[in-house]
């Protein structure tokens with residue numbers, strides 16, 4: 001009897017441990033995903049802009065979603081890690097229908113409903129019931145849920161209108177290039193309350209950073225940073241000409257030197273006289289601005 005109790009106790013303990021391990025694996029295994037799924041990205045886009053998603057692709061950590069909207073077809077990029085919309089580009093624009101076409105299309109469903117009515121439903125009792133139910137519905141005041149639905153629909157319409165106003169990134173880049181020449185080294189769409197593009201253009205003289213309104217195409221700010229230019233050094237011929245204008249003679253030697261960051265030419269000149277009493281001079285000329293730094297007569 002004791003052996004049977006021991007066997008049942010051991011078996012129960014083993015079963016408890018196995019169920020515990022299975023439960024742990026199920027709980028922690030289901031929460032290991034860091035990135036959002038393609039379905040979640042699709043829901044983010046549809047909740048924000050409306051319309052219908054026609055395709056989803058992966059590209060460098062982003063979901064590239066093609067959205068068919070009442071105003072056109074858009075390519076929208078969603079970051080796989082954060083779920084943020086990183087870029088919106090309009091691929092095709094739909095032409096708006098005229099007022100007549102809209103009114104005609106709005107009348108068609110009511111006409112179809114009249115044609116599709118079942119003749120057997122013309123019984124007086126059925127008609128009375130329908131009239132009573134319609135009267136009850138018309139008498140009820142609008143509920144809070146309906147008001148919330150109306151507000152959410154208005155917000156969705158506002159979000160849908162914002163899509164049309166976003167400039168393509170190519171237009172923003174061209175706006176920046178119209179203001180400074182050079183090459184674009186960085187271009188990024190920044191999503192905020194007032195979205196904008198940050199574009200950096202570089203040339204030999206400076207680096208220019210633009211912030212351009214993504215809705216209006218206006219330049220919000222521009223910052224220019226000058227690049228350090230290497231100083232231009234005068235040539236030996238120019239240095240010799242400067243020295244001879246100071247002392248008329250013959251240049252015997254010229255050398256470019258640098259002392260404590262000071263770059264200069266050192267020239268040795270000889271001045272001949274008829275009594276063979278020649279004079280020698282050492283002249284130092286600044287190699288950047290061409291100014292004479294010193295004139296020394298040597299033995």
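Residue numbers (UniProt numbering): 1 to 299. Beta carbons are placed, not taken as given, at the ideal position from N, Cα and C, and that holds for glycine.
query	result
Just the Cα atoms here: how many angstroms apart are residue 80 and residue 235?	59 Å
Have a look at 45, 82, 248, 202 and flag the residue whose alpha-carbon is nearest the alpha-carbon of residue 34.	82
Starting from the Cα of residue 52, find the closest Cα among 59, 75, 169, 187 and give me that residue.	75
Quick one: what's got a C-beta closer than 6 Å to residue 213's C-beta in the same chain, skipping five residues either side?	196, 220
Taking all protein chains shown into account, do 16 or more other C-beta atoms lie within 10 angstroms of the C-beta of residue 67, making it buried, or fewer, making it exposed?	buried
DSSP three-state call for residue 261: helix, strand or coil?	coil
Only counting the same chain, and skipping five residues up and downstream in sequence, which positions put a Cβ closer than 8 Å to that of residue 238?	290
Which word fits residue 61, buried or exposed, when buried means at least 16 other C-beta atoms lie within 10 angstroms of its C-beta?	exposed
Check each candidate in 6, 225, 20, 189 and name the one with the smallest Cα separation from residue 87.	189
Taking a contact to mean a Cβ-Cβ separation below 8 Å, would you say residue 41 touches residue 6 in this structure?	no
For residue 95, count neighbouring Cβ atoms within 10 angstroms of its own Cβ and tell me buried if that reaches 16, exposed if not.	exposed
Which residue's Cα is closest to the Cα of residue 69: 85, 91, 78?	91
Report buried or exposed for residue 12, applying the criterion of at least 16 other Cβ atoms within 10 angstroms of its Cβ.	exposed
What is the residue span of the alpha helix (DSSP H) that residue 169 lies within?	169 to 177
Spatial neighbours of residue 106 within its chain, please: C-beta separation below 6 Å, excluding the five flanking residues on both sides.	Reliability of the predicted coordinates at residue 106 is poor, the pLDDT of 45 falling under 50, and no value is obtained from them.
For residue 283, collect the residues of the same chain with a Cβ closer than 6 Å to its Cβ; drop the 5 residues on either side in sequence, then sort them by chain order.	243, 267, 295
So is residue 283 in contact with chain B if we call contact Cβ pairs under 8 Å?	Judged by its chain identifiers, the structure shown contains no chain B, having just a single protein chain.
I'd like to know whether the C-beta atoms of residue 169 and residue 183 end up nearer to each other than 8 Å.	no
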